[in-house]
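Taking it in order: structure first as C-alpha cells, then the write-up.
Residue numbers (the numbering used here): 570 to 638.
What follows is the structure, encoded as C-alpha cells:
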C-alpha cells in the first residue's frame, strides 16, 4: 500500500482533488490542519519563494559531481 500526504491550501483545490480520487475509486483520509503555520515557518517560506523569484538558486549537483568522482 502506498501512502501520500498532501497539503492543500484551498477548498477549491481540495474539491478538485477529491473529485478525482472518488472517480478513480481511491480511498483517502482528509484531516484538518492541527495548527497554523508558525511565524518563523512563514518567514522561511517567504524567503525561499523570494530566492526562487530572484534567481538566487543554483542547479542541483550530486555529491559525486561536486567531489569530481
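The beta-carbon is built from N, C-alpha and C at its ideal position, and this holds for glycine as well.
Note that the coordinates shown come from a computational prediction; the quantities given were computed from them, not determined experimentally.
Under three-state DSSP, which class holds residue 588?
-> Locating residue 588 in the chain shown gives position 19, counting from the first residue. Helix.
Under the three-state DSSP convention, the category residue 595 falls into = Translated into positions along the chain shown, residue 595 becomes position 26. Three-state result, residue 595: coil.
Backbone secondary structure at residue 625 - three-state DSSP = On the chain shown, residue 625 is found 56 positions in, with the first residue counted as 1. Three-state DSSP puts residue 625 in coil, outside helix and strand.
Just the Cα atoms here: how many angstroms apart are residue 636 and residue 628?
-> As a working note, residue 636 is residue 67 in the chain shown. As a working note, residue 628 is residue 59 in the chain shown. For residue 636 and residue 628, the distance between alpha carbons rounds to 16 Å.
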